Amino acid sequence: MAGRLIKAVVLVTVISLAVIAGLLVVTVGEVALPPISFDPVERIFSSSSETEAPWSDSGEPAGASIEEMEGPAADVETTLLIGTSRPAPGRPSKAAWMTLLAVNNAARGAVLYIPAHTAAEIPGHGLLAAGSALGSGGAPLLVVTMENLLGIDIDSYVVLRQESTLALLEATGPLTVNVPTDVRSPPDESTSRTLFHAGLQRLTPAWQARLIYAGGPAADEVTLGPLVLAEWDALLERYRADPGALGRAVRSAPEAFGGSDTSAEAQGRFLEALAEVPLEGLTLASIPVSDLGLGHGGFYSPQRAELDALLERALGIEGVRQGVTRVQVLNGNGVPGIGEEIAKALLDGGFSVVLSGNAARLDYRRTLIVSHGDSPGAQRSADRARELLG
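Note that this note's numbering has the sequence shown beginning at 7, numbered continuously upward.
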């Protein structure tokens, strides 16, 4: 599937004030968008049924014009692997680690580790640890969150519990892994001990799984990244001479894909293509983040410029997120989840959500689309948003 690069023109503020047809069952009169007219910046976009426009916390209009720019398309196929930890009784599963796999026409490939506590805008929920989207809205919401963060389409996802991770590793077999550093047992265990010493070692599938989950819930996720990548390096090295064998191994473990929107057959073909990527075209890396130092488990801020450069290099594309159309999605009717639904529709249309939350009041009956700027690009962005929202 062709990878979508988020394109843009101006900052657009989209307010989810009404229930949109196709998302919830309502009458036609309640869901119809009012006529939208464009006036100079002083009036912005207005509706015949509403006179109040959204404003930022500072009291100024929430946005400003930017130059219209477009990025090129690229034929990139992607899969997001989501490793989950065992939840406490009565609690939803949490994302312990995430890895994006990408192949660009078998000429370039990438394995990118993403800390679960990377700060990201979760549509409809706000700025939170990206992995928390799994507990809020399941894997689909986490995928939308990662698409919004990275600026590319994610074609499929695989949710891997520790049991399904082991099933997949048993299918692919033992590996000789160059463990990058000594690894100790989780600090929450009563007696801490060294589980792995740095250096080359032959690991059974069970010990491979132990390495991926070695840190436990209190792990430093930045430190975990090189461990995950070391296993991928070993796996791709083992099957580089015979990629078809990797595909067959993955297809032999359908039980590993029970919590996914894909199949063992499809992922077998995908991983076979990844193993075919020549060594000079392969990138294994953690996304660049900085630790914000906000308590237990860490919280990491993505380094935007470095992340975009990594994606461009790893995926073989140019202009990732160049001239992004940034969108604010504000819930103005109080319907739970409506902001998430509307954000998903906008993301699918090439917008990028930079803020989501509640409007100043929750009694709006109509959806307003507000764009700051009077350029043709501003008009096109607003028209496109209205088209996407029905």
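Note that beta-carbon positions come from the ideal geometry of N, C-alpha and C, so glycine has one too. Given the structure is predicted, the values throughout are model-derived calculations rather than measurements.
Task: Length-filtered (3 minimum) beta strand (DSSP E) runs lying within the stretch 188-219 - done: 200-202 and 205-209
TODO: Output the boundary residues of the alpha helix (DSSP H) element that contains S91.
DONE: Unbroken run through S91 is the beta strand (DSSP E), V82 to S91; no alpha helix (DSSP H).
- [ ] In angstroms with no decimal places, state the Cα-to-Cα distance between D389 and M104.
- [x] Rounded to the nearest angstrom, the two C-alpha atoms are 35 Å apart.
- [ ] Return the first residue and the last residue of the beta strand (DSSP E) that D297 is part of.
- [x] V295 to D297
Open item on the list: The alpha helix (DSSP H) that contains V359, what's its start and end?
Closed with: Careful: V359 lies outside any alpha helix (DSSP H), inside the beta strand (DSSP E) at S358 to N364.
Task: Nearest-angstrom Cβ-Cβ length linking L134 and E346, presumed shorter than 8 Å - done: Contact between L134 and E346 is ruled out by a C-beta separation of about 13 Å, above the 8 Å threshold.
Open item on the list: Could you check whether the stretch 203-217 touches the stretch 258-269, counting it as contact only if at least three pairs of C-beta atoms, one from each stretch, sit closer than 8 Å?
Closed with: no
Task: Cutoff 8 Å; reference P211; Cβ partners in own chain excluding five residues on either side - done: L172, L175, E176, T178, G179 and P180
Open item on the list: Taking a contact to mean a Cβ-Cβ separation below 8 Å, would you say L353 touches E153 in this structure?
Closed with: yes
Task: Between the CA atoms of N364 and D239 - distance to the nearest angstrom - done: 44 Å
Open item on the list: Does the contact criterion of 3 or more C-beta pairs under 8 Å hold for the stretch 181-189 versus the stretch 158-172?
Closed with: no
Task: Residue interval of the alpha helix (DSSP H) (run including G115) - done: Counting along the chain, no alpha helix (DSSP H) covers G115; the unbroken beta strand (DSSP E) around it starts and ends at R114 to I120.
Open item on the list: Restricting to Cα atoms, I'd like to know which of V189, L368, I158 and L321 is closest to V109.
Closed with: L321
Task: Residue from G299, I293 and Q334 with nearest C-alpha to L316 - done: I293
Task: Residue burial classification, D226 (beta-carbon count within 10 angstroms, cutoff 16) - done: exposed
TODO: Establish whether the CB of V109 and some CB of chain C are separated by less than 8 Å.
DONE: In summary, chain C is missing from the structure at hand, where a single protein chain is found.
Open item on the list: Using a Cβ-Cβ cutoff of less than 6 Å, which residues in the same chain neighbour G274 once the five nearest sequence positions on both sides are dropped?
Closed with: G253, V256 and R257
- [ ] Taking R275 as part of the beta strand (DSSP E), name the residues at either end of that continuous run.
- [x] Counting along the chain, no beta strand (DSSP E) covers R275; the unbroken alpha helix (DSSP H) around it starts and ends at A270 to E282.
- [ ] Indicate the three-state DSSP secondary structure (helix, strand or coil) for L106 in the structure shown.
- [x] strand
Open item on the list: Is Q207 close to the ligand ATP? I mean its beta-carbon at under 7 Å from any heavy atom of the ligand.
Closed with: As for the ligand ATP, it is missing from this structure, which has no ligand bound.
- [ ] Locate the beta strand (DSSP E) running through N184, then write down its first and last residues.
- [x] L181 to V185
Open item on the list: Can you list, in chain order, the residues of its chain with a C-beta nearer than 6 Å to that of S162? Leave out the 5 residues immediately preceding and following it.
Closed with: T85, D267 and T268
Open item on the list: Let me confirm a value: S198 is counted as buried when at least 16 other C-beta atoms fall within 10 Å, else exposed. Which label applies?
Closed with: exposed
Open item on the list: With the cut-off set at 8 Å, would you say V228 and F202 are in Cβ contact?
Closed with: no
- [ ] Use the C-beta contact count for S387: other C-beta atoms within 10 angstroms, 16 or more gives buried, fewer gives exposed.
- [x] It counts as buried.
Open item on the list: Please state the DSSP three-state secondary structure of Q334.
Closed with: strand
Open item on the list: Less than 8 Å between the beta carbons of I218 and E237, yes or no?
Closed with: Their beta carbons are under 8 Å apart, which means I218 touches E237 by this criterion.
TODO: Quick one: residues in its chain with C-beta nearer than 8 Å to the C-beta of L235, no 5 flanking neighbours on either side, listed in chain order?
DONE: V117, Y119, L290, A291 and S292
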